[in-house]
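Residue numbers (this note's numbering), protein chains in the order written: chain A, 246 to 502; chain B, 246 to 502; chain C, 246 to 502; chain D, 246 to 502.
See below for the structure under consideration.
There are 4 protein chains.
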Amino acid sequence: MKIDLNSDVGESFGVYKIGLDEEVIPLISSANIACGFHAGDPAVMRHTIALAKEHGVALGAHPGFPDLLGFGRRYMEATLEEIRDYIAYQIGALQAFASSQGMKLQHVKAHGGLYNMAVKDMRIWEAMAEVISGLDKELILVAIAGPKREELQEIGKSYGIRMAFEFFADRAYNPDSSLVSRRESGAVIEDHQIAAERVLKVVTERRISAKDGTEIGVIADTICVHSDNPAAVRLVKRIRETLFASGIEITPMGNFL
Amino acid sequence: MKIDLNSDVGESFGVYKIGLDEEVIPLISSANIACGFHAGDPAVMRHTIALAKEHGVALGAHPGFPDLLGFGRRYMEATLEEIRDYIAYQIGALQAFASSQGMKLQHVKAHGGLYNMAVKDMRIWEAMAEVISGLDKELILVAIAGPKREELQEIGKSYGIRMAFEFFADRAYNPDSSLVSRRESGAVIEDHQIAAERVLKVVTERRISAKDGTEIGVIADTICVHSDNPAAVRLVKRIRETLFASGIEITPMGNFL
Amino acid sequence: MKIDLNSDVGESFGVYKIGLDEEVIPLISSANIACGFHAGDPAVMRHTIALAKEHGVALGAHPGFPDLLGFGRRYMEATLEEIRDYIAYQIGALQAFASSQGMKLQHVKAHGGLYNMAVKDMRIWEAMAEVISGLDKELILVAIAGPKREELQEIGKSYGIRMAFEFFADRAYNPDSSLVSRRESGAVIEDHQIAAERVLKVVTERRISAKDGTEIGVIADTICVHSDNPAAVRLVKRIRETLFASGIEITPMGNFL
Amino acid sequence: MKIDLNSDVGESFGVYKIGLDEEVIPLISSANIACGFHAGDPAVMRHTIALAKEHGVALGAHPGFPDLLGFGRRYMEATLEEIRDYIAYQIGALQAFASSQGMKLQHVKAHGGLYNMAVKDMRIWEAMAEVISGLDKELILVAIAGPKREELQEIGKSYGIRMAFEFFADRAYNPDSSLVSRRESGAVIEDHQIAAERVLKVVTERRISAKDGTEIGVIADTICVHSDNPAAVRLVKRIRETLFASGIEITPMGNFL
């Protein structure tokens, strides 16, 4: 049994440092690297790729909205054409740093507001699939695990690319397998042991308890973990230990998709 | 006999339009396309590549300093490492749009303040050569024709890339084959007929009259022309007519270098 | 009888020129000057104030979202606190250039996406009123004429500031006195004579024909005109002629509110 | 005897936090607040002013180059007109947040590359004095203590504004009272006790030992201290203790200039 662990990294900018990249990159298998629009800058991109390469972590582009001030978290009323152009630009920029270091990108995962918009509007996943397909059909598009899985698989198929689905290690799920909104209490699972066991259950049984206790099916290729604070890093370690103890291999999604 | 005509294009940004790209692109053979730092944006990059492709014009990245407010014309005290990172980022971003349209980049030419800094500091040409070499050894680095030709050729050779040298159609030259500074009178040649004949002489005789009347040698692979006003476009037409009348073929530098 | 004519100006940025400011500023009585977030830059702000001062045109801040790439036209999911901060920042920056030239700002009018968001969400007008009230109670807040007039007046009153209401010279109106959406046909009135007569009717009779022919009441203090193309400038001239012919004085809103 | 302590604060941006503002602001008497060009954003500016107000710390604008990526540290080839416009814009923006909170700015101190350029080019101090004079003659311009004192005083006088001179607590000085370049060893004084005693000597004796042991005169109104790391904050505390022990009052420069 294999699973991927992905995390958003490379989000520093100029003199501004953010994220515990040095600590978390050795612990994950796929790195989502910011590309200079919502976070990251050329030097940070180069450096983050070097760090990922050193630890055998697969590289992914993490494109976002051109909103450094809002860290790309805010919705922007961008057209599909604008979104396609923004994504192509950012993937290309990151590819340059990867290829300078003899590496290739493995995947693409949208950031923040763009990701959240996609969750509500399938045409954005389609826009991303179209861009990726035009750039490099080997690139995997990472989407959210949950109720839209079939539709998303169809999009991937129609553009000739692989889709990957991610499960959020520290988030509660609704009975329809969508995420519990952060505006609701209990949206985030604070207990590390519970979170780690949920991850294990998703990997081994493809099931999870929804917020109301219902058992729901969740098929995930990669587990999204965070790296912005020491507790988040501790959770990643706990997840790794739990998975290892059950003989599950943590490896980049590109190795098994 | 063959010569290339290059021009800076794709410098619009958002709602802001600049340059007569629709008029000049059909007249040139190599397009220097802004990459979003000093000018250009993702939509403009995509559109400019489509326009160049339609007219059989070869594509080049035109990276500059991250200074949209100053249009990349101002010197910035960037380190060589920063310059390498800025260039890699911008070339990569443009490559994405080229490859989305089934095209490849032919060349790289620095913009404004960055180009001018390179003219004064050979280490910057070397930084550019290093980046290009690491990205794609087929890419040609465009530098200024003139007294540093030998040194620049050495740099290209040591990084395994081709160098191209450009002659400025509308600029006067010093006896040492450097450009007459714009601060001096007579720096710009206003008469289109004279400018076109100088271009012809550079192509056919590899010589030109310097400002003081001395005949100096100038070896150029490509002629830099402008597109920011109707008179500039008329000069391009005059140069084309003059070259055609002498049986000289205008073709992308990649075809003969 | 008095009326104000306002127009968005000072929208150039760096080398990028936009708008026919030199032509339209002599024709209007209130200038909405971009403040560097969605358009405009420090030099443009200084220059635009000088031009307005020369022609006796009252100065207004025209704050927008921090989205130069989208010209501030796109909705952004900014919080009310962010909006307040953005507006205060921009008004302050413009005030500096006004006071350097011995001038004071007369009014504030939001731009593009921010204005449109306010039209749909009264809390944004309230956020603007709060900021203005905290900065300078002499500043007038310009809002859209139409069905929300009473509520907007209440907001102004509660913050101790004056409100002004604007009528769009070239736009069709719904029977409820809201604007016909640009997505509908007939949203823009192309015929200059008709547009000018509508303006006259609003000024003299405080009534206008809605799109369906219904006569509706519209109370306006200022008429919004455009300056982005020669036809727009011709419309402004036509409106001026029509108003002059009826003895109506065009004067800054601050003179009569 | 009175002295001012100033520090650069408010340099966070969006989600990016930098500097120990909460710790250092209670310890200083004058805050140099970034204005959104090289650092800072509207929310940070508002918040930093609130913090300074709470602790009775005087407010200063800390304008810099429009280079967030380089944190305003890099020289930019800006014209004097551009510099004047950048400074006016930033002071105005900060004034808005001050006046919203019932406060006034006390001083202006340029940041990083702009400050360093001024040290080498007196015309930049003059440009700053001109802007300040046009905005508010109560504003104090902070310049470097050292060999140019007389010239700087003349500039202040000719523009009708007060000048303040700052001494750098942790920097070595040349015999001509200029700073030892950071490129030389011993440029930064690491020992807190020595640094604090130097400050005391400058305040009480208006003299200091230069790097070569020569006693040189240094007249300072304000001491520049840092806040970017815990050791810097400890140095500020040590300086305060040393000054208090000698009965010197730490108070905003505006109180005694």
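Using N, Cα and C, we set each Cβ at its ideal position, and we do this for glycine too.
- The criterion of a C-beta distance shorter than 8 angstroms is not satisfied by A/L445 and B/A341.
- When Cβ-Cβ separations below 8 angstroms define contact, D/Y261 makes contact with chain A.
- For A/E327 and B/A288, the gap between their C-alpha atoms comes out near 7 angstroms.
- Around the C-beta of D/H300, fewer than 16 other C-beta atoms lie within 10 Å, and the residue is accordingly described as exposed.
- For A/Q351, the uninterrupted beta strand (DSSP E) run begins and ends at L350 to V353, by DSSP.
- Annotation: the stretch 418–479 of chain D contains the following complete segments of the beta strand (DSSP E) (minimum length 3 residues), in chain order: 452–454, 460–462 and 467–470.
- Classified as exposed, D/K349 has fewer than 16 neighbouring CB atoms from the shown chains inside 10 Å of its CB.
- Taking a 10 Å sphere around the C-beta of D/D457, we find fewer than 16 other C-beta atoms and assign the residue as exposed.
- Residue-level contact by beta carbon fails for B/G281 and chain D, as no gap is shorter than 8 angstroms.
- Linking A/A372 to A/R329 through their CA atoms gives a straight-line distance of about 6 angstroms.
- Under the DSSP assignment, A/K393 falls outside any alpha helix (DSSP H); it carries neither an H nor an E label.
- The beta-carbon of C/G309 is placed no less than 8 angstroms from the nearest beta-carbon of chain D.
- Less than 8 angstroms divides the Cβ of D/C280 from the Cβ of D/L339.
- In this structure, A/A409 and A/I389 do not form a Cβ contact; the two beta carbons are roughly 10 angstroms apart against a cut-off of 8 angstroms.
- Each of D/H437, D/R451, D/Y331 and D/A455 was checked against the Cα of D/S426, and the nearest Cα belongs to D/A455.
- Sequence-ordered contacts of the stretch 403–420 of chain B with chain C are nonexistent [C-beta pairs closer than 8 angstroms].
- In terms of Cα proximity to C/N500, the closest of C/D466, C/S491, C/S378 and C/G285 is C/D466.
- Cβ-Cβ separation between D/I406 and D/I377: approximately 5 angstroms, consistent with a contact (criterion under 8 angstroms).
- With contacts defined as CB atoms closer than 8 angstroms, B/A441 and B/T487 qualify as a contacting pair.
- Counting C-beta atoms within 10 angstroms of its own C-beta, D/K354 has 16 or more neighbours from the protein chains shown and is therefore classed as buried.
- With contact defined as three or more Cβ pairs closer than 8 angstroms, the stretch 306–316 of chain C and the stretch 268–278 of chain D are not in contact.
- Taken in chain order, the unbroken stretches of alpha helix (DSSP H) that lie wholly in the stretch 267–315 of chain B and span 4 residues or more are 287–299.
- Beta bridge pairing from DSSP links A/L359 with no other residue.
- Going by DSSP, C/F342 is part of the alpha helix (DSSP H) stretching over L325 to S345.
- Excluding its 5 nearest sequence neighbours in each direction, B/G401 has C-beta neighbours in its own chain below 7 angstroms: A374, L386, R407 and M408, listed in chain order.
- The three-state secondary structure of B/F489, taken from DSSP, is helix.
- Between A/H356 and A/P308 the beta-carbon gap is near 7 angstroms, inside 8 angstroms, which marks them as a contact.
- Rounded to whole angstroms, the gap between the alpha carbons of C/Q398 and C/L424 is 19 angstroms.
- Chain-order list of chain B residues neighbouring C/D286: L314, by C-beta distance under 8 angstroms.
- Around D/S252, the same chain offers V269, I273, V470 and S472 as residues with beta carbons nearer than 6 angstroms, after the five sequence neighbours per side are excluded.
- Ranking C/A323, C/E435 and C/Y404 by CA distance to the CA of C/R483 puts C/E435 first.
- The C-beta separation of B/I468 from B/E411 comes to about 7 angstroms, placing the pair in contact by the 8 angstroms criterion.
- Its chain contains K446, E460, I461, G462 and V463 as the residues whose beta carbon lies nearer than 8 angstroms to that of C/R452, once the 5 sequence neighbours on both sides are disregarded; these appear in chain order.
- Taking the beta carbon of D/F258 as reference, the chain A residues within 7 angstroms of it are Y261, listed in sequence order.
- For the 8 angstroms CB-CB criterion, B/S257 and A/A333 do not form a contact.
- Here DSSP, grouped into helix, strand and coil, assigns B/E399 to helix.
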